[in-house]
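Enquirer: For the record, the sequence lines run as chains A and B. This note's numbering puts the first residue of the first sequence at -14, with every later residue one more than the last. This note's numbering puts the first residue of the second sequence at 35, with every later residue one more than the last.
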Amino acid sequence: VNGGSTCAGCTIIVSLAEQIGEINNETVVQGFQRLCNYLPASYQPPCKTFVASVEPTIQQLIDEKFFTPDVACQALTLCTVDPGQPECHLYPLVNKGLAWSASQILPTRAAREKQYHKMRKLG
Amino acid sequence: SDICDGFPILKGICQFVYQRLDDHEPLVDADGDRFSIIETLRGTHFRGRDCDDVDSSVHPGKRAIDGDRHRDSNCNGIYGVDPKTGKTYEELLCDGTGQLGVILLGDSAGAHFHIPENWVSAPDISLGAFEILPDVLADEFDWPHLSSMTGYINSSLVKWPTDSAYYRMWQMNHCNHRDYQNLGVNGARSSSMNGTIQYSMSRDQKMDHPALVIYSLIGNDVCNGHPDTIAHMTTPEEMRANFHSTLKFLDTKLPKGSHVIATSMADGRILYDTLHDKIHPLGNWRQDVTYSDLYEFLNCLQISPCMGWMSSNETLRNLTSQRAANLSRALEMEVGAYKSTNFDLHYEVFDITKVLKKWVKEGGHAKDLIEPVDGFHPSQKQTSEMSCLVLQTTQQLANFLSAKKFWEDLDKTFPNGIVKMNPHNNQIRELFGNQGGY
Chain A
-14 VNGGSTCAGC TIIVSLAEQI GEINNETVVQ GFQRLCNYLP ASYQPPCKTF VASVEPTIQQ
46 LIDEKFFTPD VACQALTLCT VDPGQPECHL YPLVNKGLAW SASQILPTRA AREKQYHKMR
106 KLG
Chain B
35 SDICDGFPIL KGICQFVYQR LDDHEPLVDA DGDRFSIIET LRGTHFRGRD CDDVDSSVHP
95 GKRAIDGDRH RDSNCNGIYG VDPKTGKTYE ELLCDGTGQL GVILLGDSAG AHFHIPENWV
155 SAPDISLGAF EILPDVLADE FDWPHLSSMT GYINSSLVKW PTDSAYYRMW QMNHCNHRDY
215 QNLGVNGARS SSMNGTIQYS MSRDQKMDHP ALVIYSLIGN DVCNGHPDTI AHMTTPEEMR
275 ANFHSTLKFL DTKLPKGSHV IATSMADGRI LYDTLHDKIH PLGNWRQDVT YSDLYEFLNC
335 LQISPCMGWM SSNETLRNLT SQRAANLSRA LEMEVGAYKS TNFDLHYEVF DITKVLKKWV
395 KEGGHAKDLI EPVDGFHPSQ KQTSEMSCLV LQTTQQLANF LSAKKFWEDL DKTFPNGIVK
455 MNPHNNQIRE LFGNQGGY
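Pasting the structure below:
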């Protein structure tokens, strides 16, 4: 539910990217790029494609001061809040919860669906 | 999968690959004898190396054909004829020494599931950290070559000597070289094991040597990620019936003189008790993620490997342990009742809690014996503060200690399961060196 292992994977990867960025005095996006560079060569192109795809959303979250790994994965639609399920979060909740924070970046249903299809297309 | 669907000519190949992977058989196995020549994809990390992958009559564990006069039919590195006596080396060095293979029917703990800690700890990630990722994926995140039952290599990843049931078998008798099969599968439980052994185990009643089979499913019959976790646990009746089916199958496959040992299930309460307030590697940078946080997150997503034990609900943890104890009792009862034709049968209480208590008593930290990333499996990871202690004393971490304890208990209660020392081991080393390695 709520994205299951995809959500868990996203949360871990975004956490690492954010922390790596901070450790190296870089942005989250640069942290992502560094993380891609740590991978074996054949794994780097899909990783970089992923980073390029998520960069605008991540940047917007940072600009709006909503960024946490949990919120980022909600905004990327890799984590969801399924009907009747609680919000799943690894870090303490901020603002008015995950779904609310994500909705500030993806305010309309059309925007959410667009993001959803973008992520599914990436596979 | 897109390629498979898009090109009809590839469909058959894809189905073959999927089937092999589903059945936990070696993917690269030209002769279909379930032994491989490559390390990963259920290859030599899981089973002894095949020394001829186009001839199914040649594989580890086989009784030597014509004394292996001309070639090594059982892949133990011993073949040829002694020029002085005219006898084959198999006759001189191995005959009558009680050769015995090791087969593990196990779960992720038996296959040694492990995710390197520096993969999820930001301060520790560096260039090259993920170099081994392709191999780790191909081995399903299992490291059976470092496991307590079939481990055989000294790795730069660990700083203590290898110890395992197979390794001891080899130390006692070098004729057992490469005769191991780790059929550990992540998530395996008593019901799935009945399918796994049918497709994955290799033993011929007439043509192979007897084996020591270790049935060790320590948690998945009570572990699942469902919110109503108890409803999805195996019942004692099901456990006994499943185990009975496994034994019946083994009776049709194992050569006479084999041994089967069923180990008890674990008491996983030790996981939460030990780790709940400790920092998970993902929280190393800011000290902000505890194991309790991780457990709750996985439970919320319903992907926890074990909601019963990885839970803040103490009543649930106790109920899970109670069920595990009942399932262990069911196994023990079946061991007492089953009448086998080709093997003797033994029940072994294999309690990681005792190992852990001993480790702590000797000055170790309990958390070091649990896999740091998943907070669930027994570890073989050595922390830096432990390295000196480990090097200076005989203390080793969970898998190593488990193998040691397993062996000691076995020696006391079930001496038939242990091979006798082969007096020709030195000669084998002199003549055949590393016996072709692994």
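The C-beta atom is built at its ideal place from N, Cα and C for all residues, glycine as well. Given the structure is predicted, the values throughout are model-derived calculations rather than measurements.
Determine the direct distance from the alpha carbon of R19 of chain A to that of A156 of chain B, and round the result to whole angstroms.
Expert: So the two alpha carbons sit approximately 11 Å from each other.
Enquirer: Under a CB-based cut-off of 8 Å, is I5 of chain A close to chain B?
Expert: Yes, I5 of chain A counts as interfacial toward chain B.
Enquirer: Could you confirm whether any beta carbon from chain B is found closer than 8 Å to the beta carbon of I8 of chain A?
Expert: Taking Cβ atoms only, chain B reaches closer than 8 Å to I8 of chain A, which makes this a yes.
Enquirer: Taking 8 Å as the threshold (beta carbon to beta carbon), is I337 of chain B in contact with chain A?
Expert: By this cut-off, I337 of chain B is an interface position.
Enquirer: Under 8 Å: do the stretch 296 to 313 of chain B and the stretch 402 to 409 of chain B share three or more Cβ pairs, one atom per stretch?
Expert: Touching, yes.
Enquirer: Contact criterion: CB-CB distance below 8 Å. Does L24 of chain A meet it with respect to chain B?
Expert: Chain B contact via Cβ: present.
Enquirer: For P71 of chain A, which residues in chain B fall below 7 Å Cβ to Cβ?
Expert: Those are C334, listed as they occur along chain B.
Enquirer: Look at the Cβ atom of C128 of chain B, then the Cβ atom of C109 of chain B, and state whether they are nearer than 8 Å.
Expert: Result no, Cβ atoms of C128 of chain B and C109 of chain B do not sit closer than 8 Å.
Enquirer: Could you check what DSSP says for G229 of chain B in three-state terms: helix, strand or coil?
Expert: Helix.
Enquirer: So with Cβ pairs under 8 Å, would you call V256 of chain B a contact of chain D?
Expert: Of the chains in the structure shown, none is chain D; the protein chains are A and B.
Enquirer: Would you mind stating whether V219 of chain B and I137 of chain B have Cβ atoms separated by less than 8 Å?
Expert: In this structure, I137 of chain B does not lie closer than 8 Å to V219 of chain B by Cβ.
Enquirer: If you run the structure through DSSP and keep just helix, strand and coil, what is P157 of chain B?
Expert: Note: P157 of chain B maps to helix in three-state DSSP.
Enquirer: Exposed or buried, F41 of chain B, counting other C-beta atoms within 10 Å across all chains shown (16 or more means buried)?
Expert: Exposed: under 16 other Cβ atoms inside 10 Å.
Enquirer: Between the Cα of G95 of chain B and those of B:S298, B:R237, B:L350, spot the shortest distance and give me the residue it belongs to.
Expert: The shortest Cα separation from G95 of chain B among B:S298, B:R237, B:L350 belongs to B:R237.
Enquirer: Return yes when the Cβ of P244 of chain B is within less than 8 Å of the Cβ of S182 of chain B, no when it is not.
Expert: Against a cut-off of 8 Å, the Cβ pair of P244 of chain B and S182 of chain B comes out as no contact.
Enquirer: How far does the beta strand (DSSP E) with H24 of chain B in it extend, from its first residue to its last?
Expert: With chain B represented from 35 up to 472, any question about residue 24 of chain B goes unanswered, as that position is not in the structure.
Enquirer: Beta carbon of F51 of chain A, beta carbon of I90 of chain A: below 8 Å?
Expert: A contact, by the Cβ cut-off of 8 Å.
Enquirer: Which residues in the same chain as A358 of chain B place their Cβ atom closer than 6 Å to its Cβ, once the five residues preceding and following it in sequence are excluded?
Expert: So the qualifying residues of the chain are V256, M299.
Enquirer: Which value, in whole angstroms, describes the spacing of the CA atoms of T375 of chain B and S224 of chain B?
Expert: Whole-angstrom Cα-Cα distance: 22 Å.
Enquirer: For L309 of chain B, return the contacting residues in chain A, with the cut-off set at a CB-CB distance below 9 Å.
Expert: In chain order: nothing, as chain A lies at least about 16 Å away.
Enquirer: At a threshold of 7 Å, does A358 of chain B count as lining the ligand MN (C-beta to nearest heavy atom)?
Expert: This structure does not include the ligand MN; it has no bound ligands of any sort.
Enquirer: Which class does Y214 of chain B belong to by DSSP, given the choice of helix, strand or coil?
Expert: Residue state, collapsed to three classes: strand.
Enquirer: Looking at C-alpha atoms only, which residue of B:G317, B:N207, B:L171 is the closest neighbour of E73 of chain B?
Expert: Ranking the options by Cα distance to E73 of chain B, first place goes to B:L171.
Enquirer: Just the Cα atoms here: how many angstroms apart are L1 of chain A and F50 of chain B?
Expert: Those two C-alpha atoms are separated by around 37 Å.
Enquirer: Would a check of beta-carbon distances place G(-11) of chain A closer than 8 Å to chain B?
Expert: Cβ-Cβ to chain B under 8 Å: yes for G(-11) of chain A.
Enquirer: Applying the 10 Å Cβ sphere with the 16-neighbour rule, what's the burial state of I93 of chain A?
Expert: Just to set this straight, residue 93 of chain A is Thr in the shown sequence, not Ile. T93 of chain A should be labelled exposed.
Enquirer: Rounded to a whole number of angstroms, what is the C-alpha to C-alpha distance between L61 of chain A and C340 of chain B?
Expert: Going by the C-alpha atoms only, they are around 28 Å apart.
Enquirer: Suppose only complete runs of 4+ residues qualify. What are the alpha helix (DSSP H) ranges in the stretch 376 to 401 of chain B, listed by chain order?
Expert: Segments of the alpha helix (DSSP H) lying fully in the stretch 376 to 401 of chain B: 386 to 395.
Enquirer: Can you say whether K81 of chain A is buried or exposed, counting buried as having 16 or more other CB atoms within 10 angstroms of its CB?
Expert: With fewer than 16 Cβ atoms within 10 Å of its Cβ, K81 of chain A is classed as exposed.
Enquirer: How about the stretch 48 to 62 of chain B and the stretch 74 to 82 of chain B: do they share at least three Cβ pairs that are nearer than 8 Å?
Expert: Flag = yes, the stretch 48 to 62 of chain B and the stretch 74 to 82 of chain B touch.
Enquirer: Is there at least one Cβ from chain B nearer than 8 Å to C32 of chain A's Cβ?
Expert: Not one chain B Cβ lies under 8 Å of C32 of chain A.
Enquirer: Pick helix, strand or coil for S27 of chain A, following the three-state DSSP scheme.
Expert: Residue state, collapsed to three classes: helix.
Enquirer: Does the stretch 195 to 207 of chain B come within contact of the stretch 111 to 124 of chain B, defined as at least 3 CB pairs closer than 8 Å?
Expert: Taking 8 Å as the limit for Cβ pairs, the verdict is that the stretch 111 to 124 of chain B does not touch the stretch 195 to 207 of chain B.
Enquirer: Which residues in chain A sit within 8 Å of E165 of chain B, going by Cβ to Cβ distance?
Expert: Near E165 of chain B (Cβ distances below 8 Å), the residues of chain A are P25.
Enquirer: According to DSSP, is V13 of chain A part of a helix, a strand, or is it coil?
Expert: Three-state DSSP puts V13 of chain A in a helix.
Enquirer: Output needed in chain order: residues of the stretch 32 to 47 of chain A with a Cβ under 8 Å from some Cβ in chain B.
Expert: Flagged: no residues at all.
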